[in-house]
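Scroll down for the structure; my scribbles are underneath it.
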Amino acid sequence: MLQPNVLERIEGLEEFAAAEGFTLPMPALEIVRLEDQGFVIDLHTGQILEDVDIDEQLDIIVAGVAYER
């Protein structure tokens, strides 16, 4: 049985992908498991990123609109 917070994260990923109009590159459960191991997953490509600096500024573009952090 999955922990309630894991189920919430899975549902959140699936809802986000549906709202943004894309298909997750792998099952949401696999994404959650990888995140729990410290990885960051690119939700469009499935690329598994390591050693991500959380303080690094990123350009965020959603549906062609750039957002500032």
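For the sequence shown, the working numbering assigns the number 98 to the initial residue and increments by one for each residue that follows. Idealized CB from N, CA, C, for every residue including glycine.
Exercise for review: Find out if the Cβ-Cβ distance for the pair L140, P122 is shorter than 8 Å.
Suggested key: yes
Review point. To the nearest whole angstrom, what separates the beta carbons of E147 and F136, a pair I think is in contact under 8 Å?
Key: 6 Å
**Study point:** Among R130, A114, P101 and D150, nearest to T142 - alpha-carbon criterion
**Key:** A114
Point to revise | Distance CB(L99)-CB(I128) smaller than 8 Å | key: no
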